[in-house]
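Worksheet: the structure to be examined is printed underneath.
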Amino acid sequence: MADRAFNFSAGPAQMPDAVLRRIRDDLPVARDASTSVLEMPFTGTEFRAIAEAAEARLRALLGVPGNYKILFLHGGAMAMFALVPLNLLRGRRHAAYVDSGYWAARAIAEARRYCDVRIAADNADCGRARMPPMSQWRLDPDSAYCHVTSNETVDGLEYSFTPETGDVPLVADMTSNFLTRPVDVSRYGLIYASAQKNVGPTGLAIVIVREDLLGAAHPLTPSVFDFARQGESRSMLNTPNTFAVYVASLVFEWIAQQGGIAAMEEAAIRRSRRIYSVIDAGSFYRCSAAPDSRSRTTVCFQLADPSLVPEFLAEAEAEGLSNLKGHKAVGGLRAALYNAMPEAGAERLASFMEEFARRRG
Ligand SMILES: *Cc1c(COP(=O)(O)O)cnc(C)c1O
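For what it's worth, the working numbering labels the leading residue of the sequence shown as 5, then goes sequentially.
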């Protein structure tokens, strides 16, 4: 494959080279099949085998218990902001949300269209510098569920603990740290993630949901977004995003070949430590996230002199380091270090940052 840039985009994000090569080689005729994956009827045995492998691989990677359904749905994480209340309110009027940053706020705004949102905790008082510690939570035990954003992609924050919500089902938007650290699925009622950050192409959302929470969706929930119905039909109530499911399955296989989730976590720790160590080494770079909440996958930082940001971005681009611009809501810089980012990519970025600070500091 031609030399390409290290892509630090928060999503759609860098894919593993091995997976891209495999897609290229197998696109005209899929392995063990007679047609391209793009042409397969979703009801046929060939695509069914692909979909079953995708589910089995994900189940094995995360150790998903048997009483949880895995769904492959359309609509991305934003759709889930509405579909979680539609499916999980189960006749109740209110749900708890932790307001921890940009994406939590968007989930809350959408949920308010469907229910009374009660904020269990927020981090406004510390300027969104850390995930709210459990000691600050006030969770109403009658809440239909409690929603958290496990990694705040825009603010650069990540939980270092699994929230304890008692009998209230814990719901997590794991879009930007899915499959980057071990997760005890049994602690959650529902986990969801958009695919284009750690899993594959856009247009796919993965939902892992405990079965006993299903079956009481709001009557106006569209059928294709009714988790119980999609669970019964193995996410094939209508035409699924067949190509995205196929690529996701290749990514799951790739993760297993690298040593599974434990290996992903070790690499995530090494990559992010390298970048944070450069940030902390002087006063040229700044990171507002408190050390106990710093994200391993979305490292957000600023230059002490913000006027240097355009030069930083242009010089980085020339070095083969792409898409380091921070989200427009917060400005500054952001390096997404998802599973497919090779350690050499983090190393090259760290060296560039050191060298840029030496020249301009
Ligand atoms: C990117 C992102 C989303 C939005 O995903 P879409 O696929 O664009 O709907 C939601 N939540 C988090 C945490 C994200 O990082």
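Idealized CB from N, CA, C, for every residue including glycine.
If you're wondering where the values come from, they're calculated on a predicted model, not measured in any experiment.
Nonlocal neighbours in the same chain, by C-beta distance under 8 Å from residue i, ignoring five residues either side
| i | result |
| --- | --- |
| G286 | A361, G365 |
| D367 | Because the chain spans 5 through 365 in this model, residue 367 falls outside it and cannot be assessed. |
| G264 | L65 |
| A293 | A133, R134, D159, G160, L161, S299, C304 |
| M178 | S154, N155, V187, I195, Y196, A197 |
| R96 | C119, D146, S147, A148 |
| A60 | none |
| A308 | S287, F288, Y289, R290 |
| P310 | G335, G336 |
| V189 | L66, G67, V68, P69, Y72, I195, I212 |
| F356 | E319, A320, E323, L325 |
| Y106 | E156, T157, V158, D159, H331, A333, V334 |
| S164 | M135, D296, S297 |
| G131 | S292 |
| R363 | none |
| R352 | F10, E323, G324, L325 |
| A109 | D103 |
| D7 | G324 |
Any non-hydrogen atom of ligand 1 within 7 Å of residue i CB
| i | result |
| --- | --- |
| G15 | yes |
| T179 | yes |
| T301 | no |
| Q18 | no |
| N155 | yes |
| W107 | yes |
| K73 | no |
| S198 | yes |
| G80 | yes |
| K201 | yes |
Cβ neighbour criterion (16 or more within 10 Å) applied to residue i
| i | result |
| --- | --- |
| S299 | buried |
| P20 | buried |
| K332 | exposed |
| C119 | buried |
| T169 | buried |
| F10 | buried |
| S281 | exposed |
| Q261 | exposed |
| D126 | buried |
| P136 | buried |
| A354 | buried |
| R338 | buried |
| V255 | buried |
| R117 | exposed |
| M5 | The pLDDT assigned to M5 is 48, lower than 50, so where the model puts this residue is not dependable; a value taken from the coordinates is nonetheless given after this. Counting Cβ neighbours within 10 Å, M5 comes out exposed, since fewer than 16 surround it. |
| V48 | Here residue 48 is Gly; the residue named in the question, Val, does not match the sequence. Under this definition G48 is an exposed residue. |
| P32 | exposed |
| G314 | The sequence shown places Pro at residue 314, not Gly. So P314 ends up on the exposed side. |
| S276 | buried |
| A176 | buried |
Neighbourhood of residue i by C-beta distance below 6 Å, restricted to the same chain and skipping five residues each side
| i | result |
| --- | --- |
| G207 | N245, A248 |
| N202 | F182, L183, Y342, N343 |
| M44 | E50, F51 |
| A37 | E50 |
| F229 | L87 |
| N242 | V228 |
| D251 | Looking at the sequence itself, residue 251 is Val, so the reference to Asp does not match. Excluding sequence neighbours, V251 sits near G204, P205. |
| F12 | N327, L328, A339, A340 |
| L93 | C119, A148 |
| A57 | S253 |
| Q306 | R290, G336 |
| E269 | R185 |
Neighbour flag for residue i against chain C, beta carbons, 8 Å
| i | result |
| --- | --- |
| S154 | The question asks about chain C, but that chain is absent: this structure has only one protein chain. |
Sequence-distant residues of its chain with Cβ nearer than 7 Å to residue i (five each side left out)
| i | result |
| --- | --- |
| A124 | A100, Y101, V102, W141, R142, L143, C150 |
| A22 | W258 |
| F46 | M240, T243, P244, T246 |
Closer than 7 Å: residue i CB and nearest ligand 3 heavy atom
| i | result |
| --- | --- |
| T153 | Looking for ligand 3 in the displayed structure turns up nothing; the ligands present are ligand 1. |
(request) State whether the stretch 213 to 221 contacts the stretch 72 to 91, with contact taken as three or more CB pairs (one from each stretch) at a distance under 8 Å. (result) yes
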